[in-house]
Amino acid sequence: MRKRITSSLLLVSILAFIVLSWQVTPVHAAAENGQISGQVLDGTNNNAPVGGQDVTLQLAQGSNSRDAGTVKTDARGRFTFSKLATDQTITYVVYTRYQGAQYVSNAVTLNQKAAQTANVQVYEATTSTDNVAVVRSTVLMRQDDPAKGVINVSQAFSFQNLNKKTYVGSLNASKGKPNALLFSLPAGVRNITLGSGFSGYQVIQVNQGFATDAALLPGTNEFSYSYEVPYTGSTYTFPYETQYPTVSLSVLVDPALHASSKDLTSSGIVNADNRAYHAFSATVLPAHKQVAMSLEGLAVPASHAGSPSFNAATIWLIVGVLVLVAIVAMTWFLFRSQHKRVATQQKLDASEQTDKTTSKALVADNPEQALLQELLKLDKEYEAGNITRDRYEKQRARTKARLRSLMSEKETTRR
């Protein structure tokens, strides 16, 4: 019996060794023979090589991304990263920060060809918007939502930078409005969601809109965002202001909103995203041109429907009663506050701990949110003077590249 047990254990050990060998050997072989090389080229100066420039290789696998190493380009702008994994689930990009703007190579994989080229095109920077224009601006207004009292709006922009230099703005508003990329918004908007073009960049609120430090590379640059516009009655006037010279403006409105405009030309009903919209348009608009769109027949929000009217005497009577109630409530509050202070503090501590736990769980489930929070934390550290400008720019560049790499990996997976 003992011999049978020994023989069985030996057989199981041999089978386990064979299975592990099959699983481990291919991964080990694929982890050492990949190579990515390329050049950093200055597009402003006829693709002249950029020597002495730090370039970083970043890899993304699934929902995770990390920097795999940083090297300096030689006198001819060349760089090489060797001994890289060739697993088909791994995507690589090379990025660098040059004159205040970040540049990223095309994403590459090494599973079909172990040696790949990934050049990084950079441009000299400028703070002038003289050669920047909006080729196409599109505003899309969907049907009103009376339950929330809002109209859902999306905007998309196609910028054209005609310069051979990259526009690099600054969010420094010490001298008024920052010299940065500007976007307008109607008053009182809420639930703003940033779309294409803003990933990895900072945004601040300015008068009648917002500004971003997103760079405009030579050529075409796409941006989009959406938001909710609150309304209170059956009519609403939607304002729009161009921030830059605009070649073409299109406004698509849900027919149920009964739109009209003295500033735009009606083009009738068109189809977009398998839905019908009333189209309005204008061409060749100068910067800071204001136009308006009138909406009628809106469903009155529930919070404002059937509101009773009051005369002046009734209003003052209500105000007097409210003041009396407030005095009584304040007296009762002061009396009870001493007895509830300890219990309230305990509840606040428990709530704070719950919020921290929830926040950590959300970040763990959403790596993009984790990177965005990392960028916000880094910005706060820099504003507080806890880190140097050089360290801030390098860490921010790495984090933005990780975010772009992660989004590129998700886009590749969807395809």
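Per mature numbering (1 follows the signal peptide of the UniProt record, and there is no 0): the sequence shown = residues -29 to -1, 1 to 386.
Cβ coordinates follow ideal geometry from the N, Cα and C atoms, glycine included.
Where does residue i fall in DSSP's three states?
i	result
residue 157	coil
residue 376	helix
residue 14	helix
residue 206	coil
residue 188	coil
residue 138	strand
residue 280	For residue 280, the predicted structure reports a pLDDT of 39, less than 50, and the residue's modelled location is therefore unreliable. The matter cannot be settled from this model.
residue 243	strand
residue 332	With a pLDDT of 44 at residue 332, under the threshold of 50, the modelled position of this residue cannot be trusted; read the value that follows with caution. Residue state, collapsed to three classes: helix.
residue 348	helix
residue 149	coil
residue -9	Its pLDDT being 48, under 50, residue -9 is placed unreliably in this model, and the coordinates cannot settle the point.
residue -18	Low local confidence applies: a pLDDT of 43 at residue -18 is under 50, so the model's placement there is unreliable, and no value is given.
What residues are listed by DSSP as bridge partners for residue i?
i	result
residue 163	Note: residue 163 sits in no beta bridge, so no partner.
residue 19	13
residue 122	115, 200
residue 362	Paired residues: none, contrary to the question.
residue 194	128
residue 367	For residue 367, which the question treats as bridged, DSSP gives no partner whatsoever.
residue 341	Note: residue 341 sits in no beta bridge, so no partner.
residue 104	131
residue 269	Residue 269 pairs with nothing; no bridge assigned.
residue 8	51, 88
Looking at the secondary structure, which residues open and close the beta strand (DSSP E) in which residue i lies?
i	result
residue 249	246 to 256
residue 265	261 to 266
residue 180	180 to 183
residue 174	174 to 177
- Message: Contact between the segment 42 to 50 and the segment 73 to 88 is defined here as three or more beta-carbon pairs at a separation below 8 Å; is this criterion met?
- Response: When Cβ pairs closer than 8 Å are counted between the two stretches, the segment 42 to 50 is seen not to touch the segment 73 to 88, the count staying below three.
- Length at least 3, wholly inside the segment 24 to 102: the beta strand (DSSP E) runs in chain order: 25 to 32, 35 to 43, 49 to 55, 61 to 69, 72 to 75, 86 to 88, 91 to 93
- Item | 3-residue-minimum beta strand (DSSP E) runs that sit fully inside the segment 208 to 239, ordered along the chain | 217 to 224
- How about the segment 144 to 156 and the segment 170 to 180: do they share at least three Cβ pairs that are nearer than 8 Å? yes
- Mind the definition here: the segment 132 to 146 touches the segment 95 to 103 only if three or more C-beta pairs lie below 8 Å; say whether that holds. Touching, yes, given that three or more Cβ pairs across the two stretches are closer than 8 Å.
- So, do the segment 120 to 137 and the segment 229 to 240 have three or more beta carbon pairs nearer to each other than 8 Å? no
- Message: With a threshold of 8 Å, are at least 3 pairs of Cβ atoms found where one atom belongs to the segment 20 to 39 and the other to the segment 347 to 362?
- Response: no
- Query: Can you find at least 3 beta carbon pairs, one from the segment 186 to 202 and one from the segment 79 to 89, that sit closer than 8 Å?
  - Reply: no
- Query: Is the segment 199 to 216 touching the segment 256 to 273 in the sense that three or more CB pairs, one from each, lie closer than 8 Å?
  - Reply: Below 8 Å, enough C-beta pairs join the segment 256 to 273 and the segment 199 to 216 to call them touching: three or more.
- Segment contact, 8 Å Cβ cut-off, at least three pairs: the segment 99 to 108 with the segment 56 to 67: Taking 8 Å as the limit for Cβ pairs, the verdict is that the segment 56 to 67 does not touch the segment 99 to 108.
- Message: Between the segment 240 to 253 and the segment 215 to 230, can you find at least three pairs of beta-carbon atoms closer than 8 Å?
- Response: yes
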